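The block underneath contains the structure these notes are about, expressed in structure tokens.
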Amino acid sequence: MKRFRGTSPASLQILISFDAYSPQSPAVDNSEHAFIEVILLLAFKFIQIMLTIFHGTARINSNSRKIADYYDEVLGKRNIPHQFFTLENVDDSIFNKTFHNPKHPQLQSIEDHILGPTSKYIFIIPEYNGSFPGMFKGFIDASDVKKCFHNKKACLTGVADGRAGNLRGMEHLTNIFNHMKMNVLHFKIPISQVSTHLDAQGKLQSDEIKAMIDQQLDLMLDF
Ligand SMILES: Cc1cc2nc3c(=O)[nH]c(=O)nc-3n(C[C@H](O)[C@H](O)[C@H](O)COP(=O)(O)O)c2cc1C
235 MKRFRGTSPA SLQILISFDA YSPQSPAVDN SEHAFIEVIL LLAFKFIQIM
285 LTIFHGTARI NSNSRKIADY YDEVLGKRNI PHQFFTLENV DDSIFNKTFH
335 NPKHPQLQSI EDHILGPTSK YIFIIPEYNG SFPGMFKGFI DASDVKKCFH
385 NKKACLTGVA DGRAGNLRGM EHLTNIFNHM KMNVLHFKIP ISQVSTHLDA
435 QGKLQSDEIK AMIDQQLDLM LDF
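First residue of the sequence shown? That's 235 in the numbering used here, and the numbers climb one at a time after it.
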């Protein structure tokens, strides 16, 4: 799994959807799993499909980061190759100035190594003032949209302290992503009152939300 914070290119990995591969499937035993994993890793190398978790805020110690970390953990447990990207470490001037000329070197690197190679995104987006964070839009506006987003697939999870689970923000994003030639999975997860679903260590506790995340990931792999 590759993280934005400077891991080696050797860890760059790729993802393919594979119907039989699901840890919930009682029909698949451990030896079959091992075999499927080898086939998947070989297939990934040739088909070049990349899954990226995109965490959409730079706010430190955010609850959406804790949800994004849970996705990271689940994909890791399922042995699904993926990348993790967060706005936390992105240079402020990328959001603030939008157009650097020449392009900001950090943004160039993110585009070349993380977003450009991505074919499927899992967006974890907090609700700020009734929608997604402005810094997230600022980042998208600063990026090479054709290279990073055109013809790619996305699923959305909203995170809020209030009751709406960022439903409105996910609708806004669906429209914007469609404008950007992205296809958005119908199964969106609104996580409301998020702090009530996290323990003192920030670990997700809700079995209901965990089940929805499993379902969303299964759908996303087939999408
Ligand atoms: C600038 C800002 C605006 C916010 N606006 C809303 C809001 O409109 N509705 C809501 O339910 N929560 C709102 N919140 C609370 C966040 O939804 C809450 O912090 C939640 O944990 C997700 O954000 P986080 O990932 O930054 O923690 C807001 C938080 C911030 C920092």
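No residue lacks a Cβ here, since even glycine has one placed at the ideal position from N, Cα and C. All figures in this text were calculated on a predicted structure; none of them were measured in a lab.
- Contact between the region 382-394 and the region 347-355 is present: 3 or more CB-CB pairs across the two stretches fall below 8 Å.
- With a threshold of 7 Å, the Cβ atom of GLY364 counts as near ligand 1, since some heavy atom of the ligand is closer than that.
- Within the region 350-406, the alpha helix (DSSP H) runs of at least 4 residues that lie entirely inside it are, in chain order, 368-376, 379-382.
- Non-local C-beta neighbours of SER429 in its own chain, meaning closer than 7 Å and more than five positions away in sequence, comprise ASN297, ASP395, ordered along the chain.
- If you compare the alpha carbons of GLY368, ASN323, ILE287 with that of ILE301, the shortest gap goes to ILE287.
- At least one heavy atom of ligand 1 is found less than 7 Å from the C-beta of ASN297.
- A direct Cα-Cα distance of roughly 16 Å separates MET454 from GLY392.
- Checking the 7 Å criterion, the Cβ of GLU405 is out of range of every heavy atom belonging to ligand 1.
- Fewer than three beta-carbon pairs drawn from the region 325-334 and the region 355-363 are found closer than 8 Å, and the two stretches are therefore not classed as touching.
- Under the three-state reduction of DSSP, ILE447 is assigned to helix.
- Setting aside the 5 residues that flank it on each side, PHE421 is surrounded in the same chain by GLN450, LEU453, each with a C-beta closer than 6 Å to its C-beta; the list follows chain order.
- Here the alpha carbons of GLY372 and ASN330 stand approximately 7 Å from one another.
- Minimum Cα-Cα distance from ARG312 among the listed residues LEU419, ASP456, ASP448 corresponds to ASP448.
- In this structure, ALA292 has its beta carbon at no less than 7 Å from each heavy atom of ligand 1.
- Note that the C-beta distance between TYR304 and LEU438 is below 8 Å.
- Taking all protein chains in view, the Cβ of SER265 is surrounded by fewer than 16 other Cβ atoms within 10 Å, so the residue is classified as exposed.
- Residue state for LEU432 is assigned as strand, using DSSP reduced to three classes.
- Under the three-state reduction of DSSP output, HIS316 falls in the coil class, being neither helix nor strand.
- The Cβ neighbour count for ASP456, taken over all protein chains shown within 10 Å, is under 16; the residue is labelled exposed.
- Between GLY290 and LEU321 the beta-carbon gap is near 6 Å, inside 8 Å, which marks them as a contact.
- ASN417 carries a strand assignment under DSSP once its states are collapsed to helix, strand and coil.
- In the same chain as THR332, and ignoring 5 residues on each side of it, the C-beta atoms closer than 8 Å to its own belong to GLY372, ASP375, ALA376, in chain order.
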